Structure formats: structure tokens, C-alpha cells
Amino acid sequence: MMRRVAALAALLCALAATPGCSTVGVKPWQRDLLAKPEMQLDADPLDAAIDEHVYFSKEASSGGRGFGGGGCGCN
Amino acid sequence: MQLKKPGSVPTALMAASCALLGAGTARADDSYESDDWQVDSALLYYKEDQGRVQAIEPVVSLKRDFGDDRSLGVKLTYDSLSGGSPNGALPSHSPQTFATPSGASLEAPSGEPQTYTTSSGRVVAQLEKVTLYTTEPGKLPLDPNFHDQRVAFSTSWQQRLGEQMRLSVGGDLSHEQDFMSAGLNAALARDFNNKNTTLSLGTNWEADAIRPIGGAPVGGTDYTQLQKGGNESKMVGGALFGITQVLSRRWLAQLNYSYDSSQGYQTDPYKILSVIDAGGNAVGYRFEKRPDSRTRQSVFLENKLALGRDVLDLSLRHMKDNWGIKSQTADLRYRLELGNAMYIEPHARYYKQNAARFYNLYLNAADPAPDFMSADPRLGAFDAMTYGVKFGMTLADKSEVSIRLEQYRQTAQDVPAAFGQLQGLDLNPGLKSFIFQVGWRFSF
Amino acid sequence: MNRPSCVKQPRVAATTFAKFAALCAALILCASARGDTTLDLAAYAGKVIYLDFWASWCAPCRQSFPWMDSVQRDYLSKGLVVVAVNVDQERALADRFLQQMSPHFRIVFDPKGAVAESYKVSGMPASFIIDRHGTVRFRHLGFRDDAKARLDAELNTLLAEK
Numbered sequence: 002m003m004r005r006v007a008a009l010a011a012l013l014c015a016l017a018a019t020p021g022c023s024t025v026g027v028k029p030w031q032r033d034l035l036a037k038p039e040m041q042l043d044a045d046p047l048d049a050a051i052d053e054h055v056y057f058s059k060e061a062s063s064g065g066r067g068f069g070g071g072g073c074g075c076n
Numbered sequence: 030m031q032l033k034k035p036g037s038v039p040t041a042l043m044a045a046s047c048a049l050l051g052a053g054t055a056r057a058d059d060s061y062e063s064d065d066w067q068v069d070s071a072l073l074y075y076k077e078d079q080g081r082v083q084a085i086e087p088v089v090s091l092k093r094d095f096g097d098d099r100s101l102g103v104k105l106t107y108d109s110l111s112g113g114s115p116n117g118a119l120p121s122h123s124p125q126t127f128a129t130p131s132g133a134s135l136e137a138p139s140g141e142p143q144t145y146t147t148s149s150g151r152v153v154a155q156l157e158k159v160t161l162y163t164t165e166p167g168k169l170p171l172d173p174n175f176h177d178q179r180v181a182f183s184t185s186w187q188q189r190l191g192e193q194m195r196l197s198v199g200g201d202l203s204h205e206q207d208f209m210s211a212g213l214n215a216a217l218a219r220d221f222n223n224k225n226t227t228l229s230l231g232t233n234w235e236a237d238a239i240r241p242i243g244g245a246p247v248g249g250t251d252y253t254q255l256q257k258g259g260n261e262s263k264m265v266g267g268a269l270f271g272i273t274q275v276l277s278r279r280w281l282a283q284l285n286y287s288y289d290s291s292q293g294y295q296t297d298p299y300k301i302l303s304v305i306d307a308g309g310n311a312v313g314y315r316f317e318k319r320p321d322s323r324t325r326q327s328v329f330l331e332n333k334l335a336l337g338r339d340v341l342d343l344s345l346r347h348m349k350d351n352w353g354i355k356s357q358t359a360d361l362r363y364r365l366e367l368g369n370a371m372y373i374e375p376h377a378r379y380y381k382q383n384a385a386r387f388y389n390l391y392l393n394a395a396d397p398a399p400d401f402m403s404a405d406p407r408l409g410a411f412d413a414m415t416y417g418v419k420f421g422m423t424l425a426d427k428s429e430v431s432i433r434l435e436q437y438r439q440t441a442q443d444v445p446a447a448f449g450q451l452q453g454l455d456l457n458p459g460l461k462s463f464i465f466q467v468g469w470r471f472s473f
Numbered sequence: 002m003n004r005p006s007c008v009k010q011p012r013v014a015a016t017t018f019a020k021f022a023a024l025c026a027a028l029i030l031c032a033s034a035r036g037d038t039t040l041d042l043a044a045y046a047g048k049v050i051y052l053d054f055w056a057s058w059c060a061p062c063r064q065s066f067p068w069m070d071s072v073q074r075d076y077l078s079k080g081l082v083v084v085a086v087n088v089d090q091e092r093a094l095a096d097r098f099l100q101q102m103s104p105h106f107r108i109v110f111d112p113k114g115a116v117a118e119s120y121k122v123s124g125m126p127a128s129f130i131i132d133r134h135g136t137v138r139f140r141h142l143g144f145r146d147d148a149k150a151r152l153d154a155e156l157n158t159l160l161a162e163k
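Here is the structure:
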């Protein structure tokens, strides 16, 4: 599993970091849709926390979600 | 203890810090004045079938924006649980008697219950606490003495560290009758590539004090001896590394790798296993016993796509731990904008896990007792499906109300065939439950 | 929402100044039948220009508008012109924002982002302070409360120049 993770991560990083590949992404003025509250990774934090609590109590897995990124990119 | 012990929720804490790390910068809504306070509240009702666990949980979360990307958040959760929880024993064609956790013996207490009168004049029996319970033939043994109240508090502070970096730190506390937990978390997020790429790193630590009612049983021993000890504890530490990437004007993706390690008492002190002989008869029971170390790794990928006015959210997760459990999760949501500031969001989730190495539905009387053992369905092999729908509406005063209904169904896999005296019994009925939640969100 | 536009990417080297950029921008953007979608800074020769890029979805822009209103009012007589370029792709959202803010400075619409591209806008909001000779002297990314004093000082410096 670790090798697959590393490969996927390397791919994303490579895409992100390649010069000329600031083509992966958008211009700062094109973030209108990304700025919408419903497009945030943490759009419904209470729902996510409630679900997490329920699934944690009934299953062997939990979490995985992260933070940061997306949004309007302002300031 | 289902739905009772938040226990180690390292990534739930990270979700909390995440909620506070992200939401502040992105809330570019219609409000004319910049509102400093944001309140998000919900009331949850959770119910399992077959007279099992039932919970009511109000949650309130407050966030104060201090400007310049600095904010403080606090969240308060109260959980009231009742109902019955499976104790891990198999059903039987004969009645079975068990002691509740506080019970010190399987013999019925002798003597008359003493009565006293409360200040309001109500007469109550002093020995109302049930110490023994009997499970009817054919029924899954449930401990009916499952009621508790949990209070949890969490707080988080987030701010900038320079132009491209954000920091979040937080703490949380939770308390219930037999479990207390305190934790700290911190996370850093660094932007690259005109904020199209964000790398994040987070860590969390948690200390749990476990004080089982009646004392922690000596793991793996004969249940009828009711050998109990004292209190226990465990410590959890975890780390998360994530990449968030804007893939197009409409597509945001996040890939996270997380690792966590839990050291200490992992056993459920209230759960037992049936010892079954060749004829299918229950000849005894043992307290469960789990290893005192558990490490987990998971990879999580989330995609958010803006399709017209709608939003599609698809996430996948793969988890692997050192107890031999592997799981896969696929979660799909589609937020459909209905116009008039209303939306409907159907939801489907698929989950699959295989059993822990030491999981056994029951123990064989003929075999020696294994090192570790558990019949907790939470550690068994099962598939689970969730179907749900959420409906939300923004009111004239800019507040948002929502209603959510979800149905969860767990189907046990790899269940050994019922033999001998066990024939005709449903050895692992799985789980069916639903969530009903109302929410209210507003700023001022 | 479809405005006729000449899609010609300008080649603006990093060191070229706003005069050239403004000229290019004027060449790129075609005039539209309704609304103000051109950016012709030549009309402001001899004035100090505060050129701002904003969007309805940009939260800090809500703070910047009242400030831009006040500096436009305070320094109008000294020769300051505030020009705010909107990059919303949906005009209706920009209009709603303007209705709420009621600004008293010039608004330009750049839905395709050609003007933003020509100024190499690298974050939102972005502002450029241009002196009386058309040279971009100060650039800013983002808008923060504690930046207001510095912006004021920069404006005053340029307004004092001949």
C-alpha cells in the first residue's frame, strides 16, 4: 500500500511543482467556484464530526480527512 | 462500547482543526457586513433497531473571526445514550443470565430492596440498579444497563504565519461516566503555486483514562469468576500529511496519508465471548482481551467538483492496521441546488472491512484459550451501506436550516454456519440504524 | 454575459510599466455596448491611479471597498483616481456586490480576465499604485486592516510628486 501511496503523492507533487505546470491549477482570478462555501473540503464540519463519531463507534476505521487548500485563495 | 467511547479519534480532532483552518478564509457569502461570529448547531437523534443503542446529541459550535485570518473556535457536545448494547455472547435456545458491569456475582442479590422517599415525595427503591439480566431464548444478548452521558469540549485557534502558511492549534476534553479523554492537536498548511497546491502536516496527541464500571476485568479469564481489576489508560499519537490540489476551476482534490498509534488498554471491558462445545452449547464465557498496541495507516482521497450550480463530492479511503484489519470506504454526495436558496443532497456510502486477526464470533471449548480474543462486531468482517439525504434552506435572515436523514446497514460477512444447538439462530445479525438530524447555522 | 472580446494575449515583460500594460489592455479589451469594459488609463495621465482587482467571491474585497471609497473621496482633489477591475465570470454576482457596497469610484468589468492577465495578477485581491507618469510603483496582494496605513503613505508619496 505504501508504494501506491508514494506513487500517487509523487504524481500530485510533480504536477504541482513542475514549472510551466502552473498549468495545473487556475489563475487567481478564476477561483469563483472554488470560493463557494459548498466547495470547501470542510463545508459541513458538524455533519462530518457527527458521522465520524457514529462510524468510529461502529467500525474499525476512522478519520483520514485533512485540511487546508482550495477556497478563494484570497489574502 | 458502541457510540459511547470517542476514544482515539485523532483524525476527528484533525477534522476539527481542519474545519477551523479552512472555513475562515473561504466564507465569501452574501452578508453585507462582515460578521464576526459564526454559530453552527445541530441536534442529532440516533437509533439502532432491536432495542439497541439510542442517542440524542445536541452540538453547538462557535467561531469568532478576529480579522487578518485569525479566528478562535469552540465546540460543545452533549451526548445522552440509552438502550442495550450487545455484550459479545451468542444467542442461545436457552435463557442466559449475565451480570451488568457493576455486578460482582452471577447470583441474584438477596434481601428486600430498601426504599426511600425523595424531597418531592416520590418513593424509590434504593437497589434499582440492575445487577443481573437474563436474555430470552433466541435473542442476541444485550446489556440493558447501557445509559450514559457524555460531554465533550473542543477549542481551536488558527492564524497566519507569513504569506503562504497557516497554523492551527487546538485541544479537546471529553468526559463520561467510565471514560475521560484529553487531547492536543496542531497543523501547518503551506501554499505553493499561486495557492493551487497546499501541503499540510498535522499531529495530534491524546491521553485517555478508562474507568470501567465495576473495574477492568482481567482479560481472557473466565467470565463467571468476575475477576475485576481497577482503572486503565491509553495514549494515542498520530500524524497526517496531505496535499490539496486545484485541478481546474471546477475541481479540487485532496490526498492524505495518516498514521496513528494507540498504546495502552484497547479492550472493551464490557464484552465477552461465548465458549461453545462440539454440540453448539454455550459451556462458558470469557472476557475479551485485545493487544495493548494498535497502529493504523490510511490513505484518503477526496474530490470536489462544481457542476453548474451543484457540487459533487467523492471520497475514497483505504485503511490498514496491525490487527489485520483492512478497510475500504467510498463516499458519494451530490448537492443539487433547487433555486430559492434551497438544496437537496443525496448521499451514499459503501464500507467494507475484514476481521481482526483475533476476532472470533465464539471460542471453541476444545481449543486452548488464544492470546487475544474479541467477538466485538466492530472488529469483525462486514459490509456496510449508508443511504441518506439532506435538505437545506437559507432563510431571509441569512441563516441556514437543514434536515438530514441517514440509514445505515451493516451486514456481517464470513459468519460461521450455525451447528448443533446453534441451529436456527442468527449468530451475527449485523446492525441497522438511522440518523435524524436538524441543523441551524447563522452569523452575527 | 457574452461580450465581444479580442482574445489577444499581451506580452508584458516583468519590467514593463503600466502605461504599456494599459495600452495593451486597451487593445485587448473591446468596448462593449453596455457597461464599462474597457481599461484605458491614458485618460488619467498626470493623475495617480489606484488600480484594484476584485471579485464578489473575494471576502477581503468587502473591507477594501469602503477604504477605496474613502481615499477616492479624500484625495480626489489631489489627483487620485481609483479604478476597480472586476473579474467575476457571472456579472449578476458582481452587480449584487456593487448594489450592497455602492462605491463611488470607477468600476471596470473584466470577466475573461484579460486585464488581470496583462497585469500578471498573482493573488486576490491585487492592487497596483501607478504614479502620474504611468509607472507602476507599488504592488499589493491581499487586503488587510493593518495595510491601510502603509497604502495611505504610499498614495501620499505619489500624490506629492509632480
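Going line by line, the protein sequences match chains A, B and C.
Residue numbering for the first sequence follows this note's numbering, starting at 2 and increasing by one per position.
Residue numbering for the second sequence follows this note's numbering, starting at 30 and increasing by one per position.
Residue numbering for the third sequence follows this note's numbering, starting at 2 and increasing by one per position.
Yeah, the Cβ is synthetic: ideal placement off N, Cα and C, and Gly gets one too.
If you're wondering where the values come from, they're calculated on a predicted model, not measured in any experiment.
Assuming contact is defined by CB atoms lying nearer than 8 Å, are residue i and residue j in contact in what I supplied?
i        : j        : result
B:Gly271 : B:Ser290 : no
B:Ser462 : B:Lys168 : no
B:Thr423 : A:Ser62  : no
C:Ser123 : C:Asp89  : no
B:Arg338 : B:Glu366 : yes
B:Ala245 : B:Glu261 : yes
B:Trp66  : B:Phe465 : no
B:Gly132 : B:Gly112 : no
B:Gln274 : B:Ala282 : yes
C:Gln64  : C:Asp146 : yes
B:Ser185 : B:Gly102 : yes
B:Asp481 : B:Arg325 : As displayed, chain B neither begins before 30 nor continues past 473, which places residue 481 of chain B out of reach and without an answer.
B:Gln188 : B:Asp98  : yes
B:Ala215 : A:Phe68  : no
C:Asp111 : C:Val86  : yes
B:Ser121 : B:Pro173 : no
Let me make sure I understand the geometry here. Which of the options has the alpha-carbon closest to that of residue i?
i        : options                                   : result
C:Pro104 : C:Ser78, C:Pro126, C:Arg97 and C:Asp70    : C:Asp70
C:His141 : C:Phe129, C:Leu77 and C:Lys149            : C:Phe129
B:Glu317 : B:Asp350, B:Arg325 and B:Gly248           : B:Gly248
C:Gly114 : C:Gln100, C:Ala60 and C:Phe54             : C:Phe54
B:Pro445 : B:Asn457, B:Arg189 and B:Leu434           : B:Asn457
B:Glu192 : B:Phe411, B:Lys427, B:Phe221 and B:Ser183 : B:Phe221
A:Val25  : B:Thr106, B:Ile85, B:Gly258 and B:Ser277  : B:Ser277
B:Thr415 : A:Gly70, A:Gly65 and A:Tyr56              : A:Tyr56
B:Ser303 : B:Ser344, B:Tyr252, B:Tyr294 and B:Ile373 : B:Tyr252
B:Ala128 : B:Leu454, B:Arg346 and B:Thr163           : B:Thr163
B:Pro486 : B:Arg93, B:Ala71, B:Phe95 and B:Ser100    : In the structure as shown, chain B begins at 30 and stops at 473. Residue 486 of chain B is therefore absent and cannot be evaluated.
C:Leu159 : C:Tyr76, C:Leu94 and C:Asp41              : C:Tyr76
B:Asp207 : B:Leu171, B:Asp400, B:Trp280 and B:Pro298 : B:Pro298
How is the alpha helix (DSSP H) around residue i delimited, first residue to last?
i        : result
C:Phe106 : First-last for C:Phe106: undefined, no H or E at that position.
C:Ser71  : Cys62 to Tyr76
B:Pro241 : Per DSSP, B:Pro241 belongs to no alpha helix (DSSP H) and is neither H nor E.
A:Ile51  : Pro46 to Lys59
C:Glu155 : Lys149 to Ala161
Hey, could you find the ends of the beta strand (DSSP E) residue i is sitting in?
i        : result
B:Asn332 : Ser322 to Leu336
A:Lys28  : Neither: A:Lys28 is in no beta strand (DSSP E) and is coded neither H nor E.
B:Asn285 : Trp280 to Gly293
B:Thr164 : Leu161 to Thr164
B:Lys92  : Gln83 to Gly96
B:Asn214 : Phe208 to Phe221
B:Lys104 : Arg99 to Ser111
B:Ala71  : Trp66 to Glu77
B:Glu374 : Met371 to Gln382
B:Lys355 : Lys355 to Gly368
B:Tyr314 : Ala311 to Phe316
B:Thr126 : Gln125 to Ala128
B:Gln188 : Asp177 to Arg189
Interfacial residues, the segment 233-262 of chain B to chain C, with Cβ spacing under 8 Å: none
Alpha helix (DSSP H) runs contained entirely in the segment 397-441 of chain B, provided each spans 4 or more residues: None, since the segment 397-441 of chain B contains no complete alpha helix (DSSP H) of that length.
Residues within the segment 204-229 of chain B neighbouring chain C, beta-carbon criterion of under 9 Å: Asn223 and Lys224
Segments of 4+ residues assigned as alpha helix (DSSP H) that fall wholly inside the segment 79-129 of chain C: 92-102 and 115-119
Near-chain B residues of the segment 113-125 of chain C - C-beta to any C-beta below 8 Å: Ser123 and Gly124
Within 9 Å of chain A by C-beta, residues of the segment 141-156 of chain C in sequence order: Leu142, Gly143, Phe144 and Arg145
Residues within the segment 79-108 of chain B neighbouring chain C, beta-carbon criterion of under 7 Å: Gly96 and Asp97
Selection of the segment 33-63 of chain A by Cβ proximity to chain C, strictly under 8 Å: Asp33, Ala36 and Lys37
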